[in-house]
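Structure record follows, encoded as structure tokens.
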Amino acid sequence: MSRRRTSSPKLIAIATISGLSGVTLVFFLLICFWLRKKRKQPTESSMENSLLQLSYQSILKATNGFSSTNLVGIVSFGSVFKGQLEETGAVASVKVLNLLSHYASKSFVSECEALRNVRHRNLVKILTACSSVDYQGNDFKALVYEFMVHGSLEDWLHPSVDMNETEEAPKK
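For the sequence shown, the working numbering gives the first residue as 8, with consecutive numbering after it.
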């Protein structure tokens with residue numbers, strides 16, 4: 008007995024359509040994956056444009072040589088200075104870390120990591136970070152924030168009461 012191979016037109020049409028559908032689906036999924044990956048990766052030029060790049064010299068100039076008149080406060084691992092950035096003209100707070108403190112470098116890295124991952128309307132925006140060498144060859148690390156015009160968060164949470172104001176209150 009000889010086997011007769013017959014191929015019906017329906018069978019050929021179904022096989023062709025299934026093959027083309029499979030190839031189209033794979034092609035579509037590859038395009039979607041490529042577009043998603045491309046969207047997640049910021050371009051190098053946009054990263055350079057969005058991140059302000061400051062040197063030790065520009066921070067030194069902005070704070071008038073870390074002048075005591077520009078000293079806003081002392082924090083756990085350094086000092087905070089007010090300065091006007093020459094690059095943008097913006098007023099900024101510059102947190103200069105005291106690297107003689109044992110945990111200052113860890114604090115710098117931790118703060119950079121935290122601020123990289125957190126965004127909130129009530130948090131002061133970080134403009135940039137500077138890790139450089141000063142003119143004496145010492146390591147220099149600073150974080151540059153937007154300047155908070157109306158004082159610090161501590162002042163808002165714990166306002167100090169001036170004793171003179173309470174004494175001068177009208178007596179009835």
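For glycine and all other residues, C-beta sits at the position ideal for the given N, C-alpha and C.
Alpha carbon to alpha carbon, how far is residue 88 from residue 77? Give it in angstroms, no decimals. Cα-Cα distance, rounded: 5 Å.
Element boundaries [beta strand (DSSP E), containing residue 89]: Going by DSSP, residue 89 is part of the beta strand (DSSP E) stretching over 85–91.
Helix, strand or coil for residue 17 per DSSP? DSSP places residue 17 within a helical segment (H, G or I) once states are collapsed to three.
With which residues is residue 72 paired in a DSSP beta bridge? Per DSSP, none; premise fails for residue 72.
For residue 152 and residue 31, I'd like the C-alpha separation in whole angstroms. The C-alpha of residue 31 is placed about 50 Å away from the C-alpha of residue 152.
On the CB-based measure, 16 or more other CB atoms within 10 Å of its CB, does residue 133 come out buried or exposed? Residue environment for residue 133: buried (at least 16 other C-beta atoms within 10 angstroms of its C-beta).
Could you tell me the distance, in whole angstroms, from the CA atom of residue 120 to the CA atom of residue 20? Note on geometry: alpha-carbon atoms of residue 120 and residue 20 lie some 58 Å from one another.
Could you pull the start and end residues of the beta strand (DSSP E) that residue 150 belongs to? 146–153 is the span of the beta strand (DSSP E), which, as asked, contains residue 150.
Give the straight-line distance between the Cα atoms of residue 137 and residue 75, rounded to the nearest whole angstrom. Between the alpha carbons of residue 137 and residue 75 lies a gap of roughly 21 Å.
How far does the beta strand (DSSP E) with residue 99 in it reach, from first residue to last? It spans 98–104 - the beta strand (DSSP E) in which residue 99 sits, taken as one unbroken run.
From 16, 86, 60, residue whose alpha carbon lies closest to that of residue 70: Residue 86 is the option with its Cα nearest to residue 70.
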